[in-house]
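What follows is a single structure, written as structure tokens, with notes after it.
4 protein chains.
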Amino acid sequence: MLVEIGNVQIGGPKFTVIAGPCSIESEAQFLATAKGVKNSGAGILRGGIWKMRTSQKSFQGLGSEALGFIKQVKNQVGLPLISEVTDPRQIEELIPFVDAYQVGARNMHNYSLLKELGKQPKPVLLKRNFSAFIDEWLKSADYILSGGTAQVILCERGIRTFETATRNTLDLNAVVYVKKHSQLPVIVDPSHAVGMSDLVPQLCYASAAAGADGLIVEVHPKPSEALSDGAQALTLESFEKTMRQLEKVLAAFDRGLNKI
Amino acid sequence: MLVEIGNVQIGGPKFTVIAGPCSIESEAQFLATAKGVKNSGAGILRGGIWKMRTSQKSFQGLGSEALGFIKQVKNQVGLPLISEVTDPRQIEELIPFVDAYQVGARNMHNYSLLKELGKQPKPVLLKRNFSAFIDEWLKSADYILSGGTAQVILCERGIRTFETATRNTLDLNAVVYVKKHSQLPVIVDPSHAVGMSDLVPQLCYASAAAGADGLIVEVHPKPSEALSDGAQALTLESFEKTMRQLEKVLAAFDRGLNKI
Amino acid sequence: MLVEIGNVQIGGPKFTVIAGPCSIESEAQFLATAKGVKNSGAGILRGGIWKMRTSQKSFQGLGSEALGFIKQVKNQVGLPLISEVTDPRQIEELIPFVDAYQVGARNMHNYSLLKELGKQPKPVLLKRNFSAFIDEWLKSADYILSGGTAQVILCERGIRTFETATRNTLDLNAVVYVKKHSQLPVIVDPSHAVGMSDLVPQLCYASAAAGADGLIVEVHPKPSEALSDGAQALTLESFEKTMRQLEKVLAAFDRGLNKI
Amino acid sequence: MLVEIGNVQIGGPKFTVIAGPCSIESEAQFLATAKGVKNSGAGILRGGIWKMRTSQKSFQGLGSEALGFIKQVKNQVGLPLISEVTDPRQIEELIPFVDAYQVGARNMHNYSLLKELGKQPKPVLLKRNFSAFIDEWLKSADYILSGGTAQVILCERGIRTFETATRNTLDLNAVVYVKKHSQLPVIVDPSHAVGMSDLVPQLCYASAAAGADGLIVEVHPKPSEALSDGAQALTLESFEKTMRQLEKVLAAFDRGLNKI
Numbered sequence: 032m033l034v035e036i037g038n039v040q041i042g043g044p045k046f047t048v049i050a051g052p053c054s055i056e057s058e059a060q061f062l063a064t065a066k067g068v069k070n071s072g073a074g075i076l077r078g079g080i081w082k083m084r085t086s087q088k089s090f091q092g093l094g095s096e097a098l099g100f101i102k103q104v105k106n107q108v109g110l111p112l113i114s115e116v117t118d119p120r121q122i123e124e125l126i127p128f129v130d131a132y133q134v135g136a137r138n139m140h141n142y143s144l145l146k147e148l149g150k151q152p153k154p155v156l157l158k159r160n161f162s163a164f165i166d167e168w169l170k171s172a173d174y175i176l177s178g179g180t181a182q183v184i185l186c187e188r189g190i191r192t193f194e195t196a197t198r199n200t201l202d203l204n205a206v207v208y209v210k211k212h213s214q215l216p217v218i219v220d221p222s223h224a225v226g227m228s229d230l231v232p233q234l235c236y237a238s239a240a241a242g243a244d245g246l247i248v249e250v251h252p253k254p255s256e257a258l259s260d261g262a263q264a265l266t267l268e269s270f271e272k273t274m275r276q277l278e279k280v281l282a283a284f285d286r287g288l289n290k291i
Numbered sequence: 032m033l034v035e036i037g038n039v040q041i042g043g044p045k046f047t048v049i050a051g052p053c054s055i056e057s058e059a060q061f062l063a064t065a066k067g068v069k070n071s072g073a074g075i076l077r078g079g080i081w082k083m084r085t086s087q088k089s090f091q092g093l094g095s096e097a098l099g100f101i102k103q104v105k106n107q108v109g110l111p112l113i114s115e116v117t118d119p120r121q122i123e124e125l126i127p128f129v130d131a132y133q134v135g136a137r138n139m140h141n142y143s144l145l146k147e148l149g150k151q152p153k154p155v156l157l158k159r160n161f162s163a164f165i166d167e168w169l170k171s172a173d174y175i176l177s178g179g180t181a182q183v184i185l186c187e188r189g190i191r192t193f194e195t196a197t198r199n200t201l202d203l204n205a206v207v208y209v210k211k212h213s214q215l216p217v218i219v220d221p222s223h224a225v226g227m228s229d230l231v232p233q234l235c236y237a238s239a240a241a242g243a244d245g246l247i248v249e250v251h252p253k254p255s256e257a258l259s260d261g262a263q264a265l266t267l268e269s270f271e272k273t274m275r276q277l278e279k280v281l282a283a284f285d286r287g288l289n290k291i
Numbered sequence: 032m033l034v035e036i037g038n039v040q041i042g043g044p045k046f047t048v049i050a051g052p053c054s055i056e057s058e059a060q061f062l063a064t065a066k067g068v069k070n071s072g073a074g075i076l077r078g079g080i081w082k083m084r085t086s087q088k089s090f091q092g093l094g095s096e097a098l099g100f101i102k103q104v105k106n107q108v109g110l111p112l113i114s115e116v117t118d119p120r121q122i123e124e125l126i127p128f129v130d131a132y133q134v135g136a137r138n139m140h141n142y143s144l145l146k147e148l149g150k151q152p153k154p155v156l157l158k159r160n161f162s163a164f165i166d167e168w169l170k171s172a173d174y175i176l177s178g179g180t181a182q183v184i185l186c187e188r189g190i191r192t193f194e195t196a197t198r199n200t201l202d203l204n205a206v207v208y209v210k211k212h213s214q215l216p217v218i219v220d221p222s223h224a225v226g227m228s229d230l231v232p233q234l235c236y237a238s239a240a241a242g243a244d245g246l247i248v249e250v251h252p253k254p255s256e257a258l259s260d261g262a263q264a265l266t267l268e269s270f271e272k273t274m275r276q277l278e279k280v281l282a283a284f285d286r287g288l289n290k291i
Numbered sequence: 032m033l034v035e036i037g038n039v040q041i042g043g044p045k046f047t048v049i050a051g052p053c054s055i056e057s058e059a060q061f062l063a064t065a066k067g068v069k070n071s072g073a074g075i076l077r078g079g080i081w082k083m084r085t086s087q088k089s090f091q092g093l094g095s096e097a098l099g100f101i102k103q104v105k106n107q108v109g110l111p112l113i114s115e116v117t118d119p120r121q122i123e124e125l126i127p128f129v130d131a132y133q134v135g136a137r138n139m140h141n142y143s144l145l146k147e148l149g150k151q152p153k154p155v156l157l158k159r160n161f162s163a164f165i166d167e168w169l170k171s172a173d174y175i176l177s178g179g180t181a182q183v184i185l186c187e188r189g190i191r192t193f194e195t196a197t198r199n200t201l202d203l204n205a206v207v208y209v210k211k212h213s214q215l216p217v218i219v220d221p222s223h224a225v226g227m228s229d230l231v232p233q234l235c236y237a238s239a240a241a242g243a244d245g246l247i248v249e250v251h252p253k254p255s256e257a258l259s260d261g262a263q264a265l266t267l268e269s270f271e272k273t274m275r276q277l278e279k280v281l282a283a284f285d286r287g288l289n290k291i
């Protein structure tokens with residue numbers, strides 16, 4: 032099953048890297064990151080507008096303020112954008128700005144949201160809840176698919192286990208399993224899965240070698256100043272290095288990057 | 032902190048039992064259950080109108096059809112009703128029918144829903160997500176409380192662990208811990224936590240002995256014919272027996288049931 | 032199935048409390064604790080001689096030094112003793128000193144040890160490994176039973192889950208489940224399961240109300256000076272209070288304490 | 032830190048594949064497997080003599096019967112052998128037959144065993160317990176190292192999580208983490224981690240790409256007839272294919288196989 036975000040096909044022979052900041056923090060930060068990741072070979076931008084935060088005292092995203100400059104950045108850089116939707120009432124507001132919707136791990140069971148996303152034409156990236164059985168994840172995808180769309184991408188982002196040394200436990204078993212048991216493309220989010228930027232590159236290579244269709248990676252020009260999830264963001268320099276090694280791993284499987 | 036559902040105070044010296052079917056399936060089923068549980072000493076009714084189901088092919092609840100007879104049943108029996116809300120847009124529709132809103136485990140991270148529930152005056156029962164840290168559960172309660180209400184009840188309903196012999200693992204550690212670290216009333220849902228009706232009574236007694244403020248228990252006149260979660264529902268007869276033994280356990284702590 | 036430790040029957044109508052220090056640290060500490068817990072109604076003493084410690088730099092128990100005074104303390108106080116065995120070669124050495132052997136959670140899968148314990152006549156208390164399925168726990172008991180003995184007691188001591196607020200998650204579902212599916216007596220160790228002494232009493236009451244056959248509780252004259260696990264040990268005063276409330280809970284089930 | 036098993040160095044630039052049957056079932060089965068895996072590029076043989084089985088009714092390994100032919104097979108094939116030790120009293124008996132000892136997941140906390148293994152000169156492969164924190168795993172390695180040896184290899188073999196679609200959850204986060212925080216070589220056992228042979232090859236590639244020092248893989252000439260763990264064993268044909276693709280992945284990192 033091929034899913035198209037902008038002109039980028041996910042699920043075919045090419046491998047797609049979605050990259051960008053956890054949160055869009057300002058036009059300058061977003062533009063710098065977007066340019067940088069495109070130059071390194073990313074095919075799609077990511078960037079949070081409204082954030083799901085465990086505490087209501089944490090930064091909740093720029094929200095509507097970000098909508099003022101998103102289009103310009105996209106046009107200037109020439110990459111499509113995927114962004115998270117956290118409430119069914121945001122779907123319509125986001126239509127002019129995003130090329131695909133992301134459903135975050137904490138909304139994987141938000142069936143009201145899933146059903147409405149299935150009725151609109153833009154692709155949906157469905158993250159696995161951090162404690163969802165693979166079977167529940169596929170059934171949540173069915174909630175979207177039953178609305179009529181076929182444009183669903185699955186995303187493994189780590190599960191919650193007893194281990195505390197890393198943020199979550201990346202479950203590549205699940206990626207390999209789902210590739211055998213579902214037609215949907217599967218990508219991996221190593222940034223959330225491990226939570227430490229210096230461990231992200233090896234997990235990018237491992238995900239590609241496991242047969243994933245792509246990656247979604249957090250990149251920030253200055254991770255130490257990020258308003259959310261700075262500890263897991265790659266710098267533009269480490270992203271560039273990671274992409275060059277990633278290409279070698281993909282070549283071992285006769286694959287290449289999905290660049291624009 | 033005392034929370035009032037109808038005339039029933041939760042969080043004080045009396046122990047409150049909320050009982051009823053998983054789903055409201057028909058007027059007859061709901062009325063028979065409501066009368067039965069009231070006779071045995073339940074203080075509040077439970078009954079699902081819209082159900083959260085992992086598969087979209089499972090029974091999704093009677094929905095609006097149930098609204099046609101809920102008021103009559105409540106009036107006839109004389110107990111307040113708590114029911115689950117799964118979408119912010121249902122809050123207003125439910126106002127005339129329910130005395131308190133339940134947020135299910137899968138919506139504990141649905142911050143859009145939590146924020147709106149905090150702005151209205153009816154009490155909110157917040158179930159712990161089956162993989163939420165205690166700290167995340169309390170922070171989700173803060174999302175509701177920050178809207179201005181003080182009427183929040185916490186509900187432990189079992190967590191997802193490696194064990195598969197039981198549906199989930201009832202976490203009474205969490206109940207005891209939260210009673211020490213939060214002012215909010217805490218009740219226990221042993222039915223979902225264990226998933227087997229013959230193990231529910233002992234867990235009701237254990238929850239009372241651990242110091243919970245109440246229970247929410249699934250009861251069905253004919254569990255084998257239930258449209259959802261029949262395996263964990265008590266019959267009216269076993270509910271009656273459980274309530275009589277429960278009163279003895281509560282007496283050991285100089286407590287009694289919150290009956291109307 | 033009745034199991035007898037000294038003259039104390041476990042698994043019958045009476046409820047048995049095993050109490051004492053995590054580690055035997057000195058004759059004075061052991062004697063003071065033993066007298067205190069007997070006065071409050073404990074029926075059996077516990078006390079570690081060789082400790083299983085995650086780090087080889089932690090206190091490993093008094094070892095053979097403790098053997099010099101254990102008999103005198105037992106005679107003076109008049110209670111039987113249970114102590115942990117961590118190596119098949121310790122079984123024989125301990126014969127004159129202990130009335131029952133404890134297999135700790137980390138040795139539940141140590142089949143060499145289990146098989147040898149099944150060939151000797153003293154009762155064996157088998158703790159559930161912190162990540163063992165109930166089924167694996169029962170199969171480990173079968174390893175002991177297949178040696179010829181029938182004197183096995185199961186002990187739930189908390190499982191390892193994602194939750195970090197408490198040391199482990201006490202699994203009372205498992206206690207209720209095993210009481211239905213096995214003939215063996217089942218006791219509960221709330222001290223290890225929760226790891227915080229101020230939460231232990233409520234979990235003692237909950238365990239009794241759930242239908243356990245007894246408890247094993249850590250008690251120390253001065254928990255802040257304990258060489259191991261002080262954070263979870265009750266003082267003699269709080270143990271006394273806990274036992275008095277426990278008797279009330281047991282009375283609700285027409286049960287009493289197994290005192291000598 | 033380099034560890035040498037026979038003439039094979041683990042932990043250096045070359046990548047080592049340990050392969051063979053779960054259990055040694057007969058001379059013919061062991062010889063056929065050993066020849067096959069050597070031809071495909073394995074550097075070390077694996078083969079269980081005494082098996083740790085959850086149920087005492089399952090096949091427990093050939094035991095001493097296997098010792099009769101192990102040397103001949105090793106000489107004929109020319110590969111060193113690693114085999115599991117489950118009781119300190121087996122260490123000496125195994126000296127003439129094995130080139131390294133394996134400590135299984137269920138014995139990671141068997142400190143008596145670990146201490147004695149640290150006092151002898153052969154390398155020790157320490158599997159991570161399926162519910163051990165990374166920190167506990169490293170501390171168990173310290174128990175061995177404190178005996179005086181430096182010849183310890185760590186092996187990640189999957190952890191126990193809530194997920195049931197796969198046997199365990201392979202934790203490559205842990206592999207990447209331990210490579211940064213420990214000097215010890217780290218290898219991966221994808222066979223036990225996922226439990227389904229058709230998912231093993233991708234996880235071999237992923238492990239290599241994550242930076243592991245090697246693999247331990249179960250191979251059986253006829254997996255459907257295996258006496259233990261047949262569902263996860265590769266055939267000789269699929270092992271050959273996997274090794275050829277693995278070499279391509281390693282080449283992407285300028286690495287090669289450690290062949291004899």
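Protein chains in written order, with the numbering used here: chain C, 32 to 291; chain L, 32 to 291; chain D, 32 to 291; chain A, 32 to 291. The beta carbon of each residue, even a glycine, is placed where N, CA and C say it ideally should be.
At the 9 Å Cβ level, is residue i part of the contact set with chain C, yes or no?
i	result
Lys150 of chain L	no
Leu62 of chain A	no
Asn160 of chain L	yes
Looking at the structure shown, is residue i part of a helix, part of a strand, or coil, going by DSSP?
i	result
Ser57 of chain C	coil
Val8 of chain C	Summary: the structure shown does not reach residue 8 of chain C, with chain C confined to residues 32 through 291, and so no result is reported for it.
Gly51 of chain D	strand
Val116 of chain D	coil
If we define contact as Cβ-Cβ less than 9 Å, is residue i a contact residue for chain A?
i	result
Pro119 of chain D	yes
Gly242 of chain C	yes
State the CB to CB distance for the pair residue i and residue j, rounded to an integer number of angstroms; the pair is presumed to be in contact (CB under 8 Å).
i	j	result
Ile247 of chain L	Ile218 of chain L	6 Å
Gly42 of chain A	Pro216 of chain A	3 Å
Please identify the residue among the options whose C-alpha is closest to the C-alpha of residue i.
i	options	result
Arg191 of chain A	A:Leu265, A:Lys211, A:Val225, A:Thr180	A:Val225
Gly94 of chain D	D:Lys102, D:Ser54, D:Leu277	D:Ser54
Gln60 of chain D	D:His140, D:Phe284, D:Lys253	D:Lys253
Gln276 of chain C	C:Lys102, C:Pro216, C:Ala237	C:Ala237
Asp118 of chain D	A:Asn138, A:Val183, A:Phe284	A:Asn138
Cβ-heavy atom distance between residue i and the ligand NAD below 8 Å?
i	result
Gly226 of chain D	Judged by which ligands are present, the structure shown has none, so any question about the ligand NAD falls away.
Taking Cβ positions only, does residue i come closer than 9 Å to chain L?
i	result
Gln214 of chain D	no
Could you confirm whether any beta carbon from chain D is found closer than 9 Å to the beta carbon of residue i?
i	result
Ser177 of chain A	yes
Ala282 of chain L	yes
Inset, instruction - Identify each residue in the region 182-204 of chain C for which the Cβ-Cβ distance to at least one residue of chain D is less than 8 Å, and report them in chain order. - result: Arg191, Thr192, Phe193, Thr195
Inset, instruction - Quick one: which residues of the region 162-173 of chain L get their C-beta closer than 8 Å to a C-beta of chain D? List them in chain order. - result: Ser162, Phe164, Ile165, Asp166
Inset, instruction - Compile a chain-ordered list of the residues in the region 75-90 of chain A whose CB is closer than 7 Å to at least one CB of chain D. - result: Met83, Thr85, Ser86, Gln87
Inset, instruction - Pull out every residue of the region 137-148 of chain D whose Cβ sits closer than 9 Å to any Cβ of chain A, in chain order. - result: Arg137, Asn138, Met139, His140, Asn141, Tyr142, Ser143, Leu144, Leu145, Lys146
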